[in-house]
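Student: Please read through the structure below; I'll follow up with questions.
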Amino acid sequence: MRNLTFGEIISAVRYDCRAFCTTALLVASTHCLATETDSGAWTTLGLRHTIDHEHVAGIDVQLRHADDFNQLERLLVRPYLSFKQPRGQLTVGYDAHFVNQPKDTTEHRLWQEYLHQRQRQAWSNAFVLRLEQRFIESVRGIVWRIRPLFEIRYDLDGEKYLAARNEIHINANDAGNGPDAGFDQNRTFLVFGTRLSNGLRSELGYHLQVLDRTDTIIRHHVMVTIRAHF
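So in numbering that gives the first Met the number 0, spot 194 of the sequence shown is number 193, and the numbers just go up one at a time.
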């Protein structure tokens, strides 16, 4: 198998780079209009189990701290089941959000997701499309939301990697007294990952969240993730 040229590698990630650059410009311009900023941390523990060569089951538990790390904003519990496809992976799951801030509430979500990946030597990129149905306490009707995500990853030495991800949230409908249809938020992630052992991986990163509310809200988060696969 021949080695790819530098030009071919650049071409492979060109589309993803354009997407990230466009998002960076939008986020930078939005930052100037922000009337509220906050910082916090997202801490995630994930477990995955291979059922057979086509099916994987897993669960994530995540704590989200806000208000400059002083308040637990929410607890998220996310079980899911993945089906391997010839060119990707299909996943269905359920989210339980136990929200403390800005008010005590509970939100349930059903979601369906398709993942497509490409590998070019040390570089890889991925596209994830998620469709979710949100059942929000005190909101009439179901809120449908579309969440496309792009990722670029560079493998440093087989054990460590760098990744950049961007995800857009778009509300697909107006649901009574709930969120309005249209742009909801944007999430940008910068990640350093380490494979600690066979089946155990950790990630440390930065997350920039831009929310379209009555006033634009910008949140800066430290991200710590540990995932085990058995």
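Cβ coordinates follow ideal geometry from the N, Cα and C atoms, glycine included.
So if DSSP puts H52 in a beta bridge, which residue, or which two residues, is it bridged to?
Tutor: The residue labelled residue 52 in the question sits at position 53 within the sequence shown. For H52, which the question treats as bridged, DSSP gives no partner whatsoever.
Student: Buried or exposed: which applies to N176, given that a residue is buried once 16 or more other Cβ atoms fall within 10 Å of its Cβ?
Tutor: Mapped onto the sequence shown, residue 176 falls at position 177. Classification of N176: exposed, given that the 10 Å Cβ count is below 16.
Student: May I have a chain-ordered list of the beta strand (DSSP E) segments no shorter than 3 residues that lie completely inside the segment 127–196?
Tutor: The qualifying runs are 142–154, 159–170 and 181–196.
Student: Which word fits N165, buried or exposed, when buried means at least 16 other C-beta atoms lie within 10 angstroms of its C-beta?
Tutor: Here the question's residue 165 lines up with position 166 in the sequence shown. N165 comes out buried.
Student: Are there any heavy atoms of the ligand MN lying less than 7 Å away from the beta-carbon of W122, as far as the coordinates show?
Tutor: With respect to small molecules bound, the structure shown includes none, and the ligand MN cannot be examined in it.
Student: Which residues mark the beginning and the end of the beta strand (DSSP E) in which T104 is found?
Tutor: If you number the sequence shown from 1, residue 104 lands on position 105. Per DSSP, T104 belongs to the beta strand (DSSP E) from T104 to R119.
Student: Can you tell me whether S81 is buried or exposed? The criterion is at least 16 other CB atoms within 10 Å of its CB, across all chains shown.
Tutor: Here residue 81 refers to the residue found at position 82 when the sequence shown is read from its first residue. Buried, because 16 or more other Cβ atoms sit within 10 Å of the Cβ of S81.
Student: How would you call G192, buried or exposed, if buried means at least 16 neighbouring beta carbons within 10 angstroms?
Tutor: Against the sequence shown, residue 192 aligns to sequence position 193. Buried: at least 16 other Cβ atoms inside 10 Å.
Student: Could you check whether the Cβ of N124 sits closer than 8 Å to any Cβ belonging to chain D?
Tutor: Protein chains in the displayed structure number just one, and chain D is not present.
Student: Quick test of your reading: L109 and E131, contact by CB under 8 Å. State the CB separation rounded to the nearest angstrom.
Tutor: Counting from 1 along the sequence shown, the entry for residue 109 is found at position 110. Counting from 1 along the sequence shown, the entry for residue 131 is found at position 132. Their Cβ separation, rounded to whole angstroms, is 7 Å, which keeps L109 and E131 in contact under 8 Å.
Student: Measuring only the C-alpha atoms, how far is V76 from N99?
Tutor: Taking the sequence shown and counting its residues from 1, the one referred to as residue 76 is at position 77. Taking the sequence shown and counting its residues from 1, the one referred to as residue 99 is at position 100. Computed Cα separation, rounded: 14 Å.
Student: Just tell me which of L114, R63 and L161 has its CA closest to the CA of P101.
Tutor: The count along the sequence shown starts at 1 and reaches residue 101 at position 102. When only C-alpha atoms are compared, the closest one is R63.
Student: Identify every residue that forms a DSSP beta bridge with E35.
Tutor: The count along the sequence shown starts at 1 and reaches residue 35 at position 36. Paired residue(s): I216.
Student: Assign D94 to one of two classes, buried (16 or more other C-beta atoms within 10 Å of its C-beta) or exposed (fewer than that).
Tutor: Numbered from 1 along the sequence shown, position 95 holds the residue referred to as residue 94. Buried, since its Cβ has 16 or more Cβ neighbours within 10 Å.
Student: Tell me the rounded alpha-carbon separation between R293 and V221.
Tutor: The shown model of the chain, from 0 to 229, leaves out residue 293, and the question about it has no answer.
Student: Any idea if V127 is buried or exposed, counting beta-carbon neighbours within 10 angstroms, 16 or more meaning buried?
Tutor: Here residue 127 is taken as the residue at index 128 of the sequence shown, counted from 1. With 16 or more other Cβ atoms within 10 Å, it is buried.
Student: Restricting to Cα atoms, I'd like to know which of L210, E35 and G39 is closest to I167.
Tutor: Within the sequence shown, residue 167 is the residue found at index 168, counting from 1. For I167, the nearest C-alpha among the options comes from L210.
Student: Tell me, please, which residues DSSP counts as bridged to E202.
Tutor: In the sequence shown, residue 202 corresponds to position 203, counting from 1. Paired residues: G192 and T224.
Student: Can you tell me where the beta strand (DSSP E) with R73 in it begins and where it stops?
Tutor: Taking the first residue of the sequence shown as 1, we reach residue 73 at position 74. It spans Q70 to Q84 - the beta strand (DSSP E) in which R73 sits, taken as one unbroken run.
Student: Inspect the beta-carbon positions of Y153 and A121 and report whether they are closer than 8 Å.
Tutor: Taking the sequence shown and counting its residues from 1, the one referred to as residue 153 is at position 154. Taking the sequence shown and counting its residues from 1, the one referred to as residue 121 is at position 122. A contact, by the Cβ cut-off of 8 Å.
Student: Where does N99 fall in DSSP's three states?
Tutor: Position 100 of the sequence shown, counted from the start, is the residue given in the question as residue 99. Reduced to three states, the DSSP call for N99 is coil.
Student: Name, in chain order, the residues that DSSP records as bridge partners for D59.
Tutor: Working through the sequence shown from its first residue, we reach residue 59 at position 60. In DSSP, D59 forms a bridge with G45 and R77.
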